Each structure stands twice: as structure tokens, then as C-alpha cells.
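Taken in sequence, the protein lines are chains A and B.
Throughout the first sequence, residue numbering follows my numbering, covering 8 to 261 in sequence.
Throughout the second sequence, residue numbering follows my numbering, covering 30 to 300 in sequence.
Glycine is no exception: its CB is placed at the ideal position from the N, C-alpha and C atoms.
Values in this document were obtained by computation on a predicted structure and should not be read as measured data.
Reading through the C-alpha cells given below for one structure.
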Amino acid sequence: MGQVCLISGPPGCGKTTWALQKLQEHSGPCAYLRLEGEKEAGLEQGEDSGIDLAWLKDQVPRLEEPTADNTEDLKQANNSLTLIEVQRFHPPSQEGLKGFGEDVRSKLKALQLQPDQLLHFGRDHELPAKDTLEFSKLEAWHTSLLGCVWDPNSLSSFWFELVNGAYGDVYRAKGLMNLPDGRAFFCNWMVSQQSSQFLPLDITAPPQGRPDRTSELVVQGKALNPKGIQATINDCLLTDDVLAMQQQQPTSQG
Amino acid sequence: MNHAVISCLHANLAAVEAVLNDIDSQGIKTITCLGDLVGYGPQPNEVVELMRQREIPTCQGCWDEDIIDGLNACECSYPSQLAERRGHRAHHWTAAQLTEENKAFLAELPMTLRRDKLLFVHGSPNSQHEYLLPDMNAYSALERVETAGAETLFCGHTHQPYVRELRQGSIRVKVQQRDQDIPTEHELELPMRRIVNAGSVGEPRHGSSKATYVIHDDSTGEVTIREVDYDVVKTCEAIVDAGLPVVFAWRLSHGFEYAERAEDASHVCER
């Protein structure tokens, strides 16, 4: 029988990083599911909008999404691994799935997924705990960047400003950003870490026009200034004309 | 005799007043300004008028040039689209605020000032837009000072103060003459040259929000980099009140060590 593991923890504690490591180590079939955790007073869940799944699928191309059609096959496969990630600010107060909200339980039931193991960051020693922070108040903001392409140096300046407090006290920021040369980067920052990660995706899009792959930004923190963030993003994104000009350059030189 | 060199005032009146007070309190009578009186900050007229009132010899900075000649002077010196768009907003705001009299004053500023073997420029002797960074190739740095006929070159523009001594410079030339089989070699030893960057009064970017300038002793050659506290909050509030990009206030309040400079720092606009 395949293994099904549910991991939970607060924003930025390393759930996706841990999941990537486990999936890369695993040689058999594997699947990944991210579920929204239940709302807690004063603590907003960060809208993931597929960032983690897109990043993991890029790094582990054989990764599947559990669906009603494939969960039985995954369950029957002896060497399969299904990881379920749930953002949750505090450890569950009850054992097993009872410790999770109705929303999580009903989605798992619909997919016929029954975790063999439930682990929470900061509580269970099987998981790293160094970046597990206690949150009492947290705002969340996200924006879709589908089809958007960044001026690379502007992205660098924007990210510096974002994580250094120009738009409020940002505790957590992650995004998938497209560049004009067809590359995309997973940008990842947590207040407990000294520096940001800028990890290139393995799959590049042809540098022709606007890419149609997942591109999102999620920000969590306090006293956030969404208008300011959005205004700066608008100044960083390339217009059709500039994008066409930049994408033409390598072709004409080559 | 001590003289003071200030640069990159950037329409920050509180910082300029604090620095001038610091200079006055030391009894220093000679002050030279390396330009960029305007740009980014909220009090362009006040700062220009203070320089005019004090009759401080000033050379033209890149912002002073652009505000007169228009943005075509050097759009290509922006490091990113974001910096360019923000720069344009600050440019248009400043151009709208400045009186015709103050614009005329900026237009007439010289590109360089010279006192004996001391040369004063905003960016480099080549251009107000060129950055002489502290880690610039030593040969290029020496070339900038030597070809300008200076012993000490005072510059600004990077917003990061430093003193760089260029020692043991030499130029080796190999001459092949028609009537000789073996070329002859000539080596010219160059005396020590110095580049002194005065930092920035109005928009420090050296890891601190304190205004910086330098004091130079003519007789001993000693250079002192001064850091001066001023009311940063007052200027930040004025930036927000003026409707300039709020991020200018945030940047000013931190003094981050990243300058909005072109990727090729030694780029010289040929427009």
C-alpha cells in the first residue's frame, strides 16, 4: 500500500521545501495536494493559487495531483507517496483528522485520501522546526501575474523593497515570476531567514510573447500596503512593445 | 587650510542646513559643492536658493543637467524600468516646482571646478553621469584623474563616500621604429593620485541615514569623512506631503547601500 502523509504548519515554516526533498528522494509514483487551512481569528491564510504545486511539478516532473480517478491507483501502488500540505497556524488540538476543520476533512473524503501519518511543524520532531514562528496577527495579500513578464532589474529592486519593509512588515513572501528570456524564478522569503531564495525553474518557456504558466505573488505580514505593492509591480512589468523588443534581440543577434 | 566638499543635496533642506551648520561650527570658510542640488527631494527651490545665497561654488550634477536639458540628457543611466519611471515622476515634479530663476542658475553651473591641483566634478571629468565607484579598475580610475591634470579629484554621484589612493601607477610604452629591429621600451612613473568621493548630503546610501560630506586639509592632504545627523523624519514627511513616490521617503530613512545606478557604472551617455 502506498503511503499518505499530511503535513501542517504556519506560513514559511518549510512545508514545501520539506515536501520537495521527500519527493525528490522518493523513487516511486508520487502525488501532492495543498489544502487551505481553516480560518483563525486575526490570522489570514495566504492564497497559494498553485505556486507550490507549479514549483514542485517543475522540480519533480512525474508528480501527480490526487484526483478522484487516480487516488485508488496511488493507494494500491506499494511504493507510492502522497503528500498533503495544510497551512495551519497552531498544532491541532485533537488527534487525527478530527484536529482539522470540516473543509479539509470533506476534501480528503471526496478524494478518498486517508493519511497514515499527520505531522505538524514545531510539534513533531520528524520535521525541522527552525523557522516555525508563532503568529498572533497576520494579513495576507495575493495577486495573479498570469501572462506578466518582469523587467529583471526592476524585479530585484521590488523584491528588496518588499522584504525590507517598504510596503509594511512582510513576514512571508513567495512568488513565481516570469522573465523576458523565457526563464521563471521561484522567489521565496521568510522573516526568520537572512536572505531570499531566487530559484530558477527547470522548464523555460519559449521567449515569444507572454507565457501562460502559473505566475502569482503571495505576501503575508502586518500593516501591508497592497496599493503600494500593486503600483510598484505595475512599474516593473514589461509592456507588449518593450517585451517584443527585448525578445527580438537574441534572435537578431543569433 | 581646511575646506569642505559637499555633494548630492537632492532637495533635502533639513540635511543641507545641518551640514552647513556643521561646517560653520568648525570655522571652515571655503565650501565647494559637486552638484545634484535637486531631484528626489521635496525642497528644490529652497536648496538652490540657499546655495545661491551662500554663494557656494557649485558644479553641475546629472539631475541639474537633466532638469534643464530634459530627460533626453541621459535616460539610459537608469538601472531598471522601475527606477526610470520613478525618476521621471521626480523629474516632472521637480521641473514643475523650480522657478525660472533657479532653473537659469542650474543651467549656468560649470561641469568642473578647479583650484590648483584639485579638481571638482559631479560624476567624473568625462560626464556628470559616470560613476567612479571605489572598486573601479585602478587603471581607469587613474586615467580619469591623470588626464584631467589633477592630483586629487573630488567627485560625488555614487552617494557613498570614500577616499582612494592610486599609488605606484606607471605607463609602459613599447616603440617600434623603422630603422631598428628591436623595439624600445619607455616607462613613466606616475605620482600618487587620489579620488575623494564626498558621499551625499541629501540622499545618503552608505548604510546609514546620516548626511555625509568631506573636509580636506590643503596643507597636509588629510581627508575627513563627516557624518551629520539631521531631521530625517521631517524630510520624509515633506516627500509624502509633496506627492512624490513614498518609497523615496522609505529609502531615505534607511540609507540602504544600493544606488540606483546603471549596470555599467562607467557608462557615458553619448546623446
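> By the criterion of Cβ-Cβ separation under 7 Å, what are the contact partners of A173/A in chain B?
Replying inline: V276, W279
> Hey, does D176/A have any beta-carbon neighbour from chain E nearer than 9 Å?
Replying inline: The displayed structure is made up of protein chains A and B, and chain E is not among them.
> What is the rounded straight-line gap between the Cα of R41/A and the Cα of S282/B?
Replying inline: Answer to the nearest angstrom: the Cα atoms are 40 Å apart.
>> Going by DSSP, what residue range makes up the beta strand (DSSP E) through L118/A?
In response: That residue, L118/A, is in no beta strand (DSSP E); it is neither H nor E in DSSP.
> Can you give the Cα-Cα distance for P262/A and F128/A, rounded to whole angstroms?
Replying inline: Look at the range of chain A in this structure, 8 to 261, and you will see that residue 262/A is not part of it.
>> Taking 9 Å as the threshold (C-beta atoms), are V76/B and L138/B in contact?
In response: no
>> On a Cα-Cα basis, can you pick out the residue from E71/A, K105/A, C155/A, F107/A that is closest to L250/A?
In response: C155/A
> Using CA coordinates, which residue listed in S229/B, P108/B, I268/B is at the minimum distance from S302/B?
Replying inline: As displayed, chain B neither begins before 30 nor continues past 300, which places residue 302/B out of reach and without an answer.
> Would you say I14/A and V93/A are within 9 Å of each other, going by their C-beta atoms?
Replying inline: yes
>> Would you say D248/A lies against chain B (beta-carbon separation less than 9 Å)?
In response: no
> Whose C-beta lies closer than 7 Å to the C-beta of P233/A among residues of the same chain, with five residues either side of it excluded?
Replying inline: Within the same chain, P233/A has close Cβ partners W148.
> Where do the N-terminal and C-terminal ends of the beta strand (DSSP E) with S54/B fall, by residue?
Replying inline: Segment 42–54 is the alpha helix (DSSP H) holding S54/B; no beta strand (DSSP E) there.
> To the nearest angstrom, how far is it from the Cα of A38/A to the Cα of Q204/A?
Replying inline: 24 Å
>> Looking at the strands, I want to know which residues DSSP matches up with E146/A.
In response: G228/A
> Checking contacts by CB at 9 Å: is F165/A closer than that to chain B?
Replying inline: yes
> From which residue to which residue does the alpha helix (DSSP H) around N241/A run?
Replying inline: 233–243
> Got a sec? Which residues, its chain only, sit under 7 Å from V257/B by beta carbon, not counting five neighbours each side?
Replying inline: Taken in chain order, the residues that qualify are A47, V48, D51, K239, A240.
>> As a quick exercise: from S151/A, E45/A, P17/A, Y174/A, pick the residue whose alpha carbon is nearest that of L134/A.
In response: P17/A
>> Please return the same chain residues whose Cβ sits closer than 6 Å to the Cβ of G57/A, not counting the five positions on each side in sequence.
In response: Once the five neighbours on either side are set aside, the close Cβ partners of G57/A are T221.
> Cβ of R222/B within 9 Å of Cβ of E180/B?
Replying inline: yes
> Do we get a CB-CB distance below 9 Å when we pair P6/A with the residues of chain B?
Replying inline: Because chain A here runs from 8 to 261, residue 6/A falls outside it and cannot be looked at.
>> Checking 9 Å against the spacing of the C-beta atoms, do H186/B and G90/B come in under that value?
In response: yes
> According to a CB-to-CB cut-off of less than 8 Å, which residues of the segment 104–121 of chain B neighbour chain A?
Replying inline: P108, S109, Q110, L111, A112, R114, R115
>> Beta carbons nearer than 8 Å to chain B: which residues of the segment 230–249 of chain A have them?
In response: G235, T239, D242, C243, L245, V249
>> Only counting the same chain, and skipping five residues up and downstream in sequence, which positions put a Cβ closer than 8 Å to that of P214/A?
In response: Cβ within range, chain order: P187, D188, G189, Q254, P257.
> Where does R196/B land, buried or exposed, given buried means 16+ other C-beta within 10 angstroms?
Replying inline: exposed
> Which residue comes first and which comes last in the beta strand (DSSP E) that contains E256/B?
Replying inline: 252–257
>> Strictly under 9 Å for the Cβ-Cβ distance: is H151/B near chain A by that measure?
In response: no
> Going by other Cβ atoms of all chains shown within 10 Å of its Cβ, with 16 needed for buried, is L109/B buried or exposed?
Replying inline: Sequence inspection shows Ser at residue 109/B; the Leu mentioned does not correspond to that position. With a threshold of 16 other beta carbon atoms within 10 Å, S109/B meets it and is buried.
> Which residue from E43/A, C12/A, A26/A puts its Cα closest to that of S113/A?
Replying inline: E43/A
>> Just checking: is the beta-carbon of F183/B within a distance shorter than 9 Å of some beta-carbon in chain A?
In response: no
> Would you say the segment 122–131 of chain B touches the segment 169–178 of chain A, given that touching needs at least three Cβ pairs under 8 Å?
Replying inline: no
> Is the distance from the Cβ of A262/A to the Cβ of E146/A below 9 Å?
Replying inline: No answer is possible for residue 262/A: the residues shown for chain A start at 8 and end at 261.
> Who pairs with V67/B in a beta bridge, going by DSSP?
Replying inline: Answer by DSSP bridge pairing: none, since V67/B is not bridged.
> What is the residue span of the beta strand (DSSP E) that V150/B lies within?
Replying inline: 147–150
> Would H158/B count as contacting chain A if we go by Cβ distances under 9 Å?
Replying inline: no
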